[in-house]
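J.:
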Amino acid sequence: MTAHDWQLTEALYERLMMITFMNSSDSEEEACNERTSLISAESPPAASYQDGLQAPEAAETQTYRKRHTGGSCSPSDADSGNSDSGLPVRDIAVDNKEEEELTLKYGAKHVIMLFVPVTLCMIVVVATIKSVRFYTEKNGQFEVLKTYNVAMDYPTLFFVIWNFGAVGMICIHWKGPLHLQQAYLIMISALMALVFIKYLPEWSAWVILGAISIYDLIAVLCPRGPLRMLVETAQERNEPIFPALIYSSAMVWTVGMAKPDSASRDLTQQTWDSAEDMREINDNPAYVESEISEARSPAPTHPTTSLIEELEEEERGVKLGLGDFIFYSVLVGKAAATASGDWNTTLACFVAILIGLCLTLLLLAVFKKALPALPISITFGLVFYFSTDNLVRPFMDTLASHQLYI
Amino acid sequence: MTLPVFFGCSFIAFGPALGLLLFTVLRDPLRVIVLVAGAFFWLVSLLLSSLVWFIAVKASDPGDEPLQKGLLIFGVLFSVLLQEAFRFLYYKLLRKAVEGLVTLSEDGCSPISIQQMAYVAGLGFGLMSGAFSMINLLADALGPGTVGIHGDSQLYFLTSAFMTMVMIFLHTFWGILFFHGCETQHWWEMAAVILTHLIVSGSTFWNPLYVGSLIPSYLLMFATAAWAYILSGGCTRNLLRSLRGQQSETSPQPGS
Chain A
1 MTAHDWQLTE ALYERLMMIT FMNSSDSEEE ACNERTSLIS AESPPAASYQ
51 DGLQAPEAAE TQTYRKRHTG GSCSPSDADS GNSDSGLPVR DIAVDNKEEE
101 ELTLKYGAKH VIMLFVPVTL CMIVVVATIK SVRFYTEKNG QFEVLKTYNV
151 AMDYPTLFFV IWNFGAVGMI CIHWKGPLHL QQAYLIMISA LMALVFIKYL
201 PEWSAWVILG AISIYDLIAV LCPRGPLRML VETAQERNEP IFPALIYSSA
251 MVWTVGMAKP DSASRDLTQQ TWDSAEDMRE INDNPAYVES EISEARSPAP
301 THPTTSLIEE LEEEERGVKL GLGDFIFYSV LVGKAAATAS GDWNTTLACF
351 VAILIGLCLT LLLLAVFKKA LPALPISITF GLVFYFSTDN LVRPFMDTLA
401 SHQLYI
Chain B
407 MTLPVFFGCS FIAFGPALGL LLFTVLRDPL RVIVLVAGAF FWLVSLLLSS
457 LVWFIAVKAS DPGDEPLQKG LLIFGVLFSV LLQEAFRFLY YKLLRKAVEG
507 LVTLSEDGCS PISIQQMAYV AGLGFGLMSG AFSMINLLAD ALGPGTVGIH
557 GDSQLYFLTS AFMTMVMIFL HTFWGILFFH GCETQHWWEM AAVILTHLIV
607 SGSTFWNPLY VGSLIPSYLL MFATAAWAYI LSGGCTRNLL RSLRGQQSET
657 SPQPGS
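Chains as they are written, first to last, in this note's numbering: chain A, 1 to 406; chain B, 407 to 662.
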């Protein structure tokens, strides 16, 4: 495999966060080392998100930089061919700094792109917990319709549930609108979290949360950790990621190209195709290297450097494993269910988890190697749950009873 | 009770803050992160002050009423001081962040300035403080009940909502003042922030004599608002122009 092909493979590769025990996830740790060594002459790659998050933008930043320097290792890039060979050195330095700043901006943007689905999932879980008493009762039949006093006949029920399931299968495993897929993934993560909250005994849930964070840490960072080994194996085989285990937030581009509308349609189309067609694409390295390049093929004009930037700006998405959604929601949902009716605890856990996610992404940008995303958030969440429930609640209750404000 | 009170009180308390959020913070990812981190810092300060109060209460005699009252007063004052200490710590952190952003940017200008961060940080503190004061009340307001049936004030929810709103605003302006004081080494601005915070929290000890707590707080809020506005570069001419809907002559730079 030439260096160019290797780069293509890496660009195709996506990082995953550790999913739950049932799933395998990939991380690009080796790829990161490989990539860093390939481009050691240039500024370090930024924000290659950890094994839970995919970093197509980091991959593309690398390829972008490579193109700018004329690709010291790559003989030819099929899509950008002759547009960059004449770039002066001065521009390269500027572009590198620009890229770093851009990547930093994207770092913030990606954090927000993760905040939103995580928040939505938690809101669904907390709302269900607070409204449907099934989840806080020790036993009892789950009858949503009875709880809400809705009359429904069996055929309608069957029809609705069948369609829900069928549309979900289609849009997750095949093609479908991005937002619908995201909505389904959030819904099933929320349902899974609700299952955990309902059926795990009181202390088992907390212990499991702690244990799985430690497992995440060990499995991703230890040299013989199972996830690292899985990553290496998956890399060798160039296997795509199982789509039902990843939440993807890829943006649709709106940059003016030759045919913007058809291009954007092609992008979403090809984003979905990429998962299926990865094997074919790999066989034909001159064709595409990633979602960006696939979408560039319908517009054969050679884009200027600014357009390339804009393309990469608009198209970078971030992916997050569903296991993290589930466990974050379990923590917040348990806080809502068992913290003696106190909303402050739920709010505190929510903020703690968001900050943990933020810190994890920051650490990733600093260390530039695959990091697990569960430990920091779950640790913060657990600390804040127990301390808010036991320390802050009495204080705030006493203050509220005297109507004092701090 | 129930829905009208719930919606009324929540919009009184959080309406202005929501407007500020929607129009100034939620568009920019960096500001959202600064906001959430500000909320986190406030939360940590609350945690530590509750810990201290909790230990003090557990170590003392629960039947001794004046002692408990004294411990509560001590708890409030300590919490205020700790909040301001954490505001200072957050300032230090944001200062480092701005320096990092400046070195990374190509034109020596960070995408967000320390003044914007001061505003967003203050708003984060205020929102978290308001949420912790108000959310449980709102949840209770949704259910059945009669306010003040045991002889307490019937205006409890309403005054709590107004107090929460003024606290959110105050935190925002305190953030601007405090950060400006740290930036320009004007220690009196920082002292003013701490003093006014202590005064406002102390005035709530007048509750349920609401005239003793709400009016001073609102007056202080308007005063700090004017001070913060002047420190941020505003002038009366711009204010009048904005009220008349005209463009100001010297519009501020995006980075400032």
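The C-beta atom is built at its ideal place from N, Cα and C for all residues, glycine as well.
1) With a cut-off of 8 Å, does the C-beta of A/LYS319 fall near any C-beta of chain B?
2) Where A/ALA335 and A/GLY381 are concerned, what is the direct C-alpha to C-alpha distance, given to the nearest angstrom?
3) Determine the contact status of B/PHE563 and B/CYS415, defining contact as a CB-CB distance below 8 Å.
4) Helix, strand or coil for A/GLY333? Go by DSSP, reduced to three states.
5) For B/ALA598 and B/ARG493, I'd like the C-alpha separation in whole angstroms.
6) Beta carbon of B/LEU543, beta carbon of B/THR408: below 8 Å?
7) What is the rounded straight-line gap between the Cα of A/LEU320 and the Cα of A/ALA211?
8) What are the boundary residues of the alpha helix (DSSP H) that B/GLY425 is part of?
9) Specify whether the region 183-193 of chain A and the region 349-361 of chain A touch according to this definition: at least 3 beta carbon pairs, one from each stretch, less than 8 Å apart.
10) If you compare alpha carbons, which of B/SER623, B/GLY536, B/THR552 is closest to B/LEU449?
11) Going by DSSP, which residues form a beta bridge with A/GLY321?
12) I'd like to know if A/ASP389 contacts chain B, where contact means its C-beta is closer than 8 Å to some C-beta of that chain.
13) Where does the unbroken alpha helix (DSSP H) through B/HIS586 begin, and where does it stop?
14) My guess is that A/SER249 and A/GLN182 are in contact by the Cβ rule of under 8 Å, so how many angstroms apart are they, rounded?
15) Checking contacts by CB at 8 Å: is A/PHE395 closer than that to chain B?
16) What's the call for A/VAL195, buried or exposed, on a 16-neighbour Cβ count within 10 Å?
17) Against chain A, with Cβ distances strictly below 8 Å, would B/THR610 count as a contact?
18) In whole angstroms, give me the CA-to-CA distance for B/LEU649 and B/GLY640.
19) Relative to the alpha-carbon of B/THR630, which residue among B/GLY481, B/SER566, B/GLY581, B/ILE479 has its alpha-carbon at the smallest distance?
20) I'd like the list of long-range same chain contacts for A/VAL126, defined as Cβ closer than 7 Å, with 5 residues on each side in sequence excluded.
21) With a CB to CB cut of under 8 Å and the five nearest residues on each side skipped, what residues in its chain are close to B/GLU589?
22) Using 8 Å as the limit for Cβ to Cβ distance, is A/ALA400 near chain B?
23) Against chain A, which members of the region 422-445 of chain B pass a CB distance test of less than 7 Å?
24) Just the chain A side, please: which residues come within less than 7 Å of B/LEU452 by C-beta, in chain order?
25) Between B/ALA445 and A/PHE384, what straight-line distance do the alpha-carbon atoms span, to the nearest angstrom?
26) Let me make sure I understand the geometry here. Which of B/SER456, B/GLU490, B/LEU499 has the alpha-carbon closest to that of B/PHE480?
27) Using CA coordinates, which residue listed in B/PRO614, B/PRO422, B/LYS475 is at the minimum distance from B/GLY557?
28) When the Cα atoms are used, what is the spatial distance from A/VAL167 to A/PHE158?
29) List the residues of chain A that B/GLY481 touches, going by C-beta distances under 7 Å, in chain order.
30) Which value, in whole angstroms, describes the spacing of the CA atoms of A/TYR405 and B/GLU471?
31) Check the Cβ of B/LEU457 against every Cβ in chain A and list those closer than 8 Å, keeping chain order.
32) Should B/SER539 be flagged as near chain A, meaning a C-beta pair shorter than 8 Å?
33) So, for A/GLY225: in the same chain, excluding its five sequence neighbours on each side, which residues have a beta-carbon less than 7 Å away from its beta-carbon?
34) Taking just the CA atoms, how far does A/ILE376 sit from B/LEU510?
T.: Taking the definition as stated:
1) No Cβ of chain B is located within less than 8 Å of the beta carbon of A/LYS319.
2) Spanning the alpha carbons of A/ALA335 and A/GLY381 requires a straight line of approximately 9 Å.
3) Taking 8 Å as the Cβ cut-off, B/PHE563 and B/CYS415 qualify as a contacting pair.
4) Three-state result, A/GLY333: helix.
5) Between B/ALA598 and B/ARG493, the alpha-carbon positions lie close to 14 Å from each other.
6) Not closer than 8 Å, so no.
7) One C-alpha to the other measures close to 20 Å.
8) Under the DSSP assignment, B/GLY425 falls in the alpha helix (DSSP H) whose first and last residues are 408-426.
9) Flag = no, the region 183-193 of chain A and the region 349-361 of chain A do not touch.
10) Selected option, being the one with the closest Cα: B/GLY536.
11) Per DSSP, the beta bridge partners of A/GLY321 are A/ILE246.
12) By this cut-off, A/ASP389 is not an interface position.
13) For B/HIS586, the uninterrupted alpha helix (DSSP H) run begins and ends at 562-590, by DSSP.
14) Indeed they touch by this definition, with Cβ atoms about 7 Å apart.
15) Interface residue, yes.
16) Of the other Cβ atoms in all chains shown, fewer than 16 fall within 10 Å of the Cβ of A/VAL195; this residue is therefore exposed.
17) Yes, contact with chain A.
18) Between B/LEU649 and B/GLY640, the C-alpha separation is close to 13 Å.
19) Distance from the Cα of B/THR630 is smallest, within the candidate group B/GLY481, B/SER566, B/GLY581, B/ILE479, for B/GLY581.
20) Setting aside the 5 residues that flank it on each side, A/VAL126 is surrounded in the same chain by VAL332, GLY333, ALA336, THR346, each with a C-beta closer than 7 Å to its C-beta; the list follows chain order.
21) Closer than 8 Å at the Cβ level, and outside the excluded window around B/GLU589, lie ILE520.
22) Proximity of A/ALA400 to chain B, defined by a Cβ-Cβ separation below 8 Å, is satisfied.
23) Within the region 422-445 of chain B, the qualifying residues are PRO435, LEU436, VAL438, ILE439, VAL442, ALA443, ALA445.
24) In chain order, VAL392 make up the part of chain A whose C-beta sits under 7 Å from the C-beta of B/LEU452.
25) Cα-Cα distance, rounded: 13 Å.
26) Looking only at B/SER456, B/GLU490, B/LEU499, the smallest Cα-Cα distance to B/PHE480 is reached by B/SER456.
27) The shortest CA-to-CA distance from B/GLY557 to any of B/PRO614, B/PRO422, B/LYS475 is the one to B/PRO614.
28) Note on geometry: alpha-carbon atoms of A/VAL167 and A/PHE158 lie some 14 Å from one another.
29) Around B/GLY481, the beta-carbon contacts reaching into chain A at under 7 Å are PHE395.
30) One C-alpha to the other measures close to 20 Å.
31) Ordered by position in chain A, the residues that pass the 8 Å Cβ test against B/LEU457 are SER387, LEU391.
32) Chain A, which has a Cβ nearer than 8 Å to the Cβ of B/SER539, makes this yes.
33) Closer than 7 Å at Cβ, skipping near neighbours: ILE218, ALA219.
34) Roughly 26 Å separates the two Cα atoms.
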